[in-house]
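In this text, residue positions in the sequence shown follow our numbering: the first is 146, and each later residue adds one. Here the structure is laid out as structure tokens; the discussion comes afterwards.
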Amino acid sequence: MGPPLTAGRAQAETAFADECTITRPGTGDGTRDETTGTTTPPAATSVYSGACMFRPPSTTTSNQPQAQGGAPAFIEDMRCRIPAAQTGVRLGDTVTCTASTTDPSQVGRAFDVTRIIAGTYAVTRILILADKARGPRV
Numbered sequence: 146m147g148p149p150l151t152a153g154r155a156q157a158e159t160a161f162a163d164e165c166t167i168t169r170p171g172t173g174d175g176t177r178d179e180t181t182g183t184t185t186p187p188a189a190t191s192v193y194s195g196a197c198m199f200r201p202p203s204t205t206t207s208n209q210p211q212a213q214g215g216a217p218a219f220i221e222d223m224r225c226r227i228p229a230a231q232t233g234v235r236l237g238d239t240v241t242c243t244a245s246t247t248d249p250s251q252v253g254r255a256f257d258v259t260r261i262i263a264g265t266y267a268v269t270r271i272l273i274l275a276d277k278a279r280g281p282r283v
């Protein structure tokens with residue numbers, strides 16, 4: 146990675162006005178409490194915590210339906226940019242906004258990662274997100 150790419154990545158990250166945590170659901174059956182009959186799901190694993198930038202979907206992709214259960218569903222609710230060096234994010238991980246200097250209404254919103262856009266010369270990693278607060282829109 147040469148100086149222009151390093152400088153470009155550093156410059157891109159200066160625009161990150163939000164913070165997020167990215168977690169991966171735990172695996173296994175969880176822990177069952179025989180007294181109460183409840184099961185505690187396995188703990189999630191932290192993947193990333195730090196600066197990011199939430200953006201609305203682009204107009205070229207937000208209206209493209211994805212088939213779900215035989216019906217078209219629009220699944221891009223938000224985009225999140227994180228540092229390009231954060232390579233551990235996977236599809237299905239959860240992105241939660243933890244702070245926003247420009248839009249405090251985003252804090253606490255959680256999203257599923259449905260697509261990851263990256264490349265050799267990318268200055269950020271772009272996560273395509275679906276809002277966890279609702280099901281697919283048709």
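Backbone N, C-alpha and C define an ideal beta-carbon position, used for all residues, glycine too. Owing to the predicted nature of the structure, the values given are computational and were not obtained by experimental measurement.
In the structure shown, Pro186 adopts coil according to DSSP, grouped into three states. With fewer than 16 other Cβ atoms from the protein chains shown falling within 10 Å of its own Cβ, Ala160 counts as exposed. Straight-line measurement puts the Cα of Glu179 at about 44 Å from the Cα of Pro228. By the beta-carbon neighbour count (other beta carbons within 10 angstroms, threshold 16), Arg200 is exposed. By DSSP's assignment, Ser250 forms no beta bridge with any residue.
Setting aside the 5 residues that flank it on each side, Thr190 is surrounded in the same chain by Arg169, each with a C-beta closer than 6 Å to its C-beta; the list follows chain order.
Put simply, the backbone Cα of Gly173 is about 15 Å away from that of Thr183. Counting along the chain, the unbroken beta strand (DSSP E) around Thr176 starts and ends at 176 to 178. Cβ contact annotation for Thr246 (same chain, cutoff 6 Å, sequence separation greater than five): Ala162, in chain order. Rounded to the nearest whole angstrom, the C-alpha separation of Asp276 and Arg254 is 8 Å.
Ranking Ile167, Ala188, Thr166, Cys165 by CA distance to the CA of Gly175 puts Ala188 first.
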